[in-house]
Every structure is written in structure tokens, then in C-alpha cells.
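First comes the structure, then the notes that go with it.
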Ligand SMILES: [Zn+2]
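Numbering (our numbering), first residue to last: 252 to 340.
Dropping the structure here:
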């Protein structure tokens, strides 16, 4: 946890390397060995903007959290904002 007291950094979730086959977990950009798990709000299950590396303790803030949330919402509910033109009204 050598970076636990370090200043929070802003990162783009999209630019990080995904960990394994998860679409949310990322390899820590600071220590390159830890994982950013991406946490959820316990009440609304919304993905949280802030995360902490499980290995080095670095705090990060996702600058593109809204985009990640929209991907998550589409995945969970199966809804898409881009309906095909042939979809019935
Ligand atoms: Zn780390």
C-alpha cells in the first residue's frame, strides 16, 4: 500500500488495460501489478467514480465514469439508447 497516501490521479477508464475478461476491472496504471476493481454504490449499484488499487493503494478518479455507467446500464437491463430504425414505435 505504498501509494495509499499519494495524491489521487485522474484516469480515463477507457485508456486503462482491462484485467482478465472483465469489462470493468483494470490493471493499475501506477504499479502495473495491482487491480482496480471498480466499486458500486451499495444502494443504487451505480459504478463509483473513485477507485483504489488493491495492491499499491493508489486512489484514482475515472474522468469518463458516465460513459462506463452507460455501458453498465445497457449491459444490465439489455436496453439500448440506439434502437434500430426498424424498431416498432
Ligand atoms: Zn497499484
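Note that the Cβ used here is the ideal one computed from N, Cα and C, for glycine as well.
**Prompt:** Buried or exposed: which applies to residue 309, given that a residue is buried once 16 or more other Cβ atoms fall within 10 Å of its Cβ?
**Reply:** Your numbering for residue 309 matches position 58 in the chain shown. Residue 309 should be labelled buried.
**Item:** Rounded separation between residue 268 and residue 285 - CA only
**Value:** Residue mapping note: residue 268 aligns to position 17 of the chain shown, counting from 1. Residue mapping note: residue 285 aligns to position 34 of the chain shown, counting from 1. The alpha-carbon atoms of residue 268 and residue 285 are separated by roughly 11 angstroms.
**Message:** For ligand 1, I want to know if residue 262 counts as a neighbour, meaning its beta carbon is within less than 7 angstroms of at least one of the ligand's heavy atoms.
**Reply:** Stepping through the chain shown from its first residue, residue 262 is reached at position 11. Answer for residue 262: no, Cβ out of range of ligand 1.
**Near ligand 1: residue 306 beta-carbon under 7 angstroms from a heavy atom** = Residue numbering aside, residue 306 sits at position 55 when the chain shown is read from its first letter. Yes; taking the cut-off as 7 angstroms, the Cβ of residue 306 has a heavy atom of ligand 1 nearer than that.
**Message:** Measuring only from the beta carbon, is residue 271 closer than 7 angstroms to any heavy atom that is part of ligand 1?
**Reply:** Here residue 271 refers to the residue found at position 20 when the chain shown is read from its first residue. For ligand 1, not one heavy atom lies less than 7 angstroms from the Cβ of residue 271.
**Request:** With a 10 Å radius around its C-beta and 16 neighbouring C-beta atoms as the bar for buried, classify residue 260 as buried or exposed.
**Result:** Position 9 of the chain shown holds residue 260. Per the 10 Å Cβ criterion, exposed.
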